[in-house]
Amino acid sequence: MKTARTHKILALLVLLVLSFTLAVFGMQFSGVKAATSLKASDYFVYSAGDITSNQATFENDCVKAPLKTGDKIKIKNNVVVDDFEIKVKVPANATKFVLTAKTASYDVNGNEHIVEGFAKFKTDIVNTLTINANGTATFNQGSETLVTATDGVYTIKLNVTDNFMQATVNGTAMPTVTYAKYKIADYDKVIATVEMGIDLPQDATEASPLYVEYVDQKVSDVEGDFKQTFKLNATGDAIEKKANPVMSLNAGFTKIDETTGKIIAPMAKENILVITQNAVIPSTKTVKLTTSDSDKVWLSNSSTYIMFKAEGEASFSIVDSSDNTVYETYNVLVKNEGYDGEGVAPIYNGDAEALKAFKAKIEDKLKDDDGNYIRIGSTQYLELPSLKSMVTDNVSAYEDLSFTLCYKTPTEEKEVSGNRIPLASAGKYQFFVRVTDERGNGMKNDDFFTTDNSGNKIFSDTCTYADYVFEFEILDNAPIKLTAASSQGDGYIGVKYTATSFTIEASAYEQKYKLLYSATKDAPAEQWVEIPTLDNVSEDYSENGFTYADVKAIAYDGNLGFTPDRAGYYKIECTITSTTSSRVTATATTTAISIQDKPQVVVAQENDWLSNNVWSVVFLGVGTLCLVAIIVLLCIKPKEETDTANRSRRKK
Numbered sequence: 319m320k321t322a323r324t325h326k327i328l329a330l331l332v333l334l335v336l337s338f339t340l341a342v343f344g345m346q347f348s349g350v351k352a353a354t355s356l357k358a359s360d361y362f363v364y365s366a367g368d369i370t371s372n373q374a375t376f377e378n379d380c381v382k383a384p385l386k387t388g389d390k391i392k393i394k395n396n397v398v399v400d401d402f403e404i405k406v407k408v409p410a411n412a413t414k415f416v417l418t419a420k421t422a423s424y425d426v427n428g429n430e431h432i433v434e435g436f437a438k439f440k441t442d443i444v445n446t447l448t449i450n451a452n453g454t455a456t457f458n459q460g461s462e463t464l465v466t467a468t469d470g471v472y473t474i475k476l477n478v479t480d481n482f483m484q485a486t487v488n489g490t491a492m493p494t495v496t497y498a499k500y501k502i503a504d505y506d507k508v509i510a511t512v513e514m515g516i517d518l519p520q521d522a523t524e525a526s527p528l529y530v531e532y533v534d535q536k537v538s539d540v541e542g543d544f545k546q547t548f549k550l551n552a553t554g555d556a557i558e559k560k561a562n563p564v565m566s567l568n569a570g571f572t573k574i575d576e577t578t579g580k581i582i583a584p585m586a587k588e589n590i591l592v593i594t595q596n597a598v599i600p601s602t603k604t605v606k607l608t609t610s611d612s613d614k615v616w617l618s619n620s621s622t623y624i625m626f627k628a629e630g631e632a633s634f635s636i637v638d639s640s641d642n643t644v645y646e647t648y649n650v651l652v653k654n655e656g657y658d659g660e661g662v663a664p665i666y667n668g669d670a671e672a673l674k675a676f677k678a679k680i681e682d683k684l685k686d687d688d689g690n691y692i693r694i695g696s697t698q699y700l701e702l703p704s705l706k707s708m709v710t711d712n713v714s715a716y717e718d719l720s721f722t723l724c725y726k727t728p729t730e731e732k733e734v735s736g737n738r739i740p741l742a743s744a745g746k747y748q749f750f751v752r753v754t755d756e757r758g759n760g761m762k763n764d765d766f767f768t769t770d771n772s773g774n775k776i777f778s779d780t781c782t783y784a785d786y787v788f789e790f791e792i793l794d795n796a797p798i799k800l801t802a803a804s805s806q807g808d809g810y811i812g813v814k815y816t817a818t819s820f821t822i823e824a825s826a827y828e829q830k831y832k833l834l835y836s837a838t839k840d841a842p843a844e845q846w847v848e849i850p851t852l853d854n855v856s857e858d859y860s861e862n863g864f865t866y867a868d869v870k871a872i873a874y875d876g877n878l879g880f881t882p883d884r885a886g887y888y889k890i891e892c893t894i895t896s897t898t899s900s901r902v903t904a905t906a907t908t909t910a911i912s913i914q915d916k917p918q919v920v921v922a923q924e925n926d927w928l929s930n931n932v933w934s935v936v937f938l939g940v941g942t943l944c945l946v947a948i949i950v951l952l953c954i955k956p957k958e959e960t961d962t963a964n965r966s967r968r969k970k
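To get the numbering used here, take the position in the sequence shown, counting from 1, and add 318.
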C-alpha cells in the first residue's frame, strides 16, 4: 500500500510542476516584449523627415538607410572627427548628397554669423560637404571641386588643423575655408554629430537606399582597430568586428600649451579624469591608466585620479584593463606655481570677437524673442555668459578658476562669489569679474578701476582691464503672459467647483476674476452674463435671471471657486494689470465648464486579463488541486494501515 501511495504522490508532483510551468510561461504580462535581433537602427537613427516609419537595416555588410528628399540619417553617438573617415554609396538617382558634421564653436559664446543683415552668434557650427550628381563638390563655402567616383561610392575624410575642419573626397582635398564663423573648439578631441541626406528628383515617389560601409575614427591607425565595419557574423545576431573606441578627456583637464602642444598640468594636484569612450557602437571596454614615469606620476585607477609629482615632462596612457591595449597616450608639461599670490594671476586676453560674443550673449539673455526685456523683480537674475574665451591662466584650466563678481545696480553695489546679478529694478547696471586660479593667484581691483580722494571708483582706459568692465541697461517692459488651462472638468448642481488655475508670467501685477454664465456653450461673448460676488449686491438684486438668493447659493468668492445652481455652462475670466505703466493688461478666459444635474455614473473599465490568460488560470487550478491531493496523501493514512495497527495493539 505504501508503494501505491508513493506512486500517487510522485505522479501528482510531476503534474504539479508541469501545471505551474505551463501557467507561468503562458502568462501575458503587460510591458514584456520579446527579444529582438540586432538592429542597425540602434546605431544609425533618422533625425529629420519621415522619422516614424524609416529604419536603418543591415544589408550586404553595410548599413542601409532608405531616404527621400528631406530625410536625414545620423550616427546615433557623437564621434571624433580629428582623423575621421566614412565610406558611403549614394543611390544612382540622387541629385545631391549632403554630409554635415556639427561641432562646438571656437568661442564658447558662439561664432558670429550674419543672418539677414544681423549678427547672430551660434554655438553649434555646421560643417557641410555637398556632392552633386555632376561630380562636383563643395565644403562649407569653398569653391566647387571636381571629385571622381565609381558607382556612387565616396570615401570622405575629415580632419582638423588650426581649429578649422578640412575635407577630402575620394583622395581629392577640398579647399579649406577659414572664415571665423567656421572656427571650432579643439581641446582634446573634436567631437561631432555626423548627419547625412540626399535629394531625389521631384518625380521620385519611393525612397532610395544610402549605404554606409564603414566609419573610421582614426584613419592614421594602420591596423584599422578604430574602423567600424558592419559585416554580421554567421548567425546574424552580432557585428563581426567591434572597433576600438576613441578616448577623450574632460576639457577641464586638457589645457593645451600652444607652443609644445602638450597638456599643461599643475604639480601636486589630484586631477579627476573623466574619460569618454567615443564609438559608433557603444563601448563596453573597461579602461585604466598606466605610466612609464612612475617617479613623476601617481595614479589611482579606483577613482581615475592622477597627480604629477615633479616639474617637467611626463606621460600616461589609457589602456584596456584586460589586455593592456593602448588606446591613447598623453604627454604632459607639469608646472609648479606658487601659492597665495606668489605666482602669476589669470589674465584677460580675449580678442575683439570674444568680447563681441560675450556682450551679444548678455543682450540675448536680457531680451525675449520679440525684443522685449525679460521680467524684473526680487526673484529675477541675469546669469552671466561664460568667460572661457577671454580668460587664461598659465597653469589652471578654466574649470579650476574661481570668480568674484563685482556689480552695481540702480539700488545696490556688491561683491559676490558666483555669476548672477539680481535684476530687481529697471535702469543701468555695471559689473566686472575678478578671476583667481587654484593656487590663490588672482586679479586685483586696481586692474579695473582707481579711486579718487573721496573713495569714489573711477573707471578709465588707463586701467589694465578697462575693456572688461561691462555695462547694460534693462527696462521694465516685459509683456504680461496669461494662459488659461486647455480644458476644465464637469461640474454638478449644488457641488462646489474649483476651476484649474491660470498660468501667469508677470511681476508687480494685480489680478481680478469674473464668473460668467450661459445656457449654451457656444453663445456669443455678449450673451454670457456676469455673476457678481455676494458682497457686491443687495437683497433686492435681480439681473440677467439671477436673484440675490441665486447669487448667495452660488457663493462666488471672486477667485476660482463657485457652487453652480443650475445646468448650463460657466467660465471664469482673469484679468492681469501691471502696476507699472509700461506694460499692458492681459485677459484670458477658461474653457466652458459644463454643469450637469447629477453626477455621472462611472463604469469601471473592462479588464481582459482573464480572457488573455484563461489557460494559465486552468493550469494554476490543476496545480493547486494536485498540491491539495499531495497534502492529503501525506497527512492521512489509508484505512488498511489503520486497521492493521489496531489489530496489533489488541493482540498485545
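Just so you know, even glycine gets a beta-carbon here, dropped at the ideal spot from N, CA and C.
Classify Phe-676: buried if its beta carbon has 16 or more other beta carbons within 10 angstroms, exposed otherwise.
buried
Count the other CB atoms within 10 Å of the CB of Tyr-497; is the residue buried (16 or more) or exposed (fewer)?
exposed
When Ile-894, Glu-730 and Tyr-866 are compared against Lys-799, the one with the closest alpha-carbon
Ile-894
For Gln-459, does the count of other Cβ atoms within 10 angstroms reach 16, so buried, or fall short, so exposed?
exposed
Residue of Met-565, Thr-782, Tyr-835 and Lys-653 minimising C-alpha distance to Thr-643
Met-565
If you reduce the DSSP assignment to three classes, tell me which class Tyr-786 lands in.
helix
Buried or exposed: Arg-693, going by 16 or more other Cβ atoms within 10 Å of its Cβ?
buried
I think Ile-593 touches Val-605, with their Cβ atoms under 8 angstroms apart; what is that distance to the nearest whole Å?
Confirmed, Cβ separation roughly 6 angstroms.
Would you call the stretch 504-511 and the stretch 430-441 touching, i.e. three or more CB-CB distances under 8 angstroms?
no
Considering just the uninterrupted stretch of the alpha helix (DSSP H) at Tyr-866, what are its terminal residues?
866-872
Report back the beta-carbon spacing between Val-662 and Asn-759 to the nearest angstrom; my notes put them in contact at under 8 angstroms.
6 angstroms
Compare the C-beta of Ile-474 against all C-beta atoms of chain C and say whether one is closer than 7 angstroms.
This model lacks chain C altogether, as it is built from one protein chain only.
Return the first residue and the last residue of the beta strand (DSSP E) that Ala-673 is part of.
First, the amino acid is wrong: residue 673 is Leu here, not Ala. From DSSP, Leu-673 is part of no beta strand (DSSP E) but of the alpha helix (DSSP H) over 670-684.
How big is the Cα-Cα spacing for Ile-443 and Lys-420?
5 angstroms
Classify Ala-963 as helix, strand or coil using the three-state DSSP reduction.
Here Ala-963 scores only 49 on pLDDT, less than 50, and its place in the model is too uncertain to base an answer on.
When we look at the beta-carbon of Gly-809 and count the other beta-carbons within 10 Å, is it buried (16 or more) or exposed?
buried
Are the beta-carbon atoms belonging to Glu-462 and Thr-454 less than 7 angstroms from one another?
yes
According to DSSP, simplified to helix, strand and coil, what is Asp-1005?
Since the first and last residues shown for the chain are 319 and 970, residue 1005 lies out of range.
Rounding to the nearest angstrom, what Cα-Cα distance links Asn-395 and Asp-360 in this structure?
10 angstroms
Reference Ala-552; option with closest CA among Ser-896, Pro-664 and Asn-378:
Asn-378
Whole-angstrom distance between Ser-696 and Ser-971, CA atom to CA atom
Residue 971 is absent from the structure shown; the chain starts at 319 and stops at 970.
Evaluate contact between the stretch 734-751 and the stretch 644-656, counting only Cβ atoms and requiring at least three cross-stretch pairs below 8 angstroms.
no
Top-ranked residue by Cα proximity to Lys-440, from Lys-775, Asp-682, Lys-560 and Asp-915
Asp-682
Looking at Pro-664: is its Cβ nearer than 7 angstroms to the Cβ of Val-598?
Their beta carbons are not under 7 angstroms apart, which means Pro-664 does not touch Val-598 by this criterion.
Check whether the Cβ atoms of Thr-486 and Lys-501 sit closer than 7 angstroms, and answer yes or no.
No, these two residues do not count as a Cβ contact at 7 angstroms.
If we ignore side chains and look at the alpha-carbon of each, how far apart do Thr-782 and Phe-766 end up?
6 angstroms
Closer than 8 angstroms is the cut-off here; do at least three beta carbon pairs connect the stretch 600-617 with the stretch 362-375?
no
C-beta contact flag for Glu-513 and Thr-418 at 7 angstroms
yes
Beta-carbon proximity list for Ala-904, same chain, < 6 angstroms, skipping 5 on both sides
Ile-798, Leu-800 and Ile-894
Using alpha carbons as the reference points, say which of Asn-619, Ala-628, Lys-627 and Glu-629 lies closest to Ser-635.
Comparing alpha-carbon positions, the option among Asn-619, Ala-628, Lys-627 and Glu-629 lying closest to Ser-635 turns out to be Asn-619.
Can you tell me whether DSSP reads Asn-481 as helix, strand or coil?
Coil.
With which residues is Ala-316 paired in a DSSP beta bridge?
Residue numbering for the chain in the displayed model covers 319 to 970; residue 316 lies beyond these limits and cannot be assessed.
Using 8 angstroms as the Cβ pair cut-off and three pairs as the minimum, do the stretch 568-581 and the stretch 535-549 touch?
Because the criterion of three Cβ pairs below 8 angstroms is not met, the stretch 568-581 and the stretch 535-549 do not touch.
Tell me Lys-390's beta-bridge partners as DSSP assigns them.
Ala-366
As an exercise, report each continuous beta strand (DSSP E) stretch of at least 3 residues that is fully enclosed by the stretch 573-625, in chain order.
581-584, 593-596, 605-608 and 615-618
Residues near Leu-464 by beta carbon distance below 7 angstroms, same chain, minus five either side:
Gly-453 and Thr-454
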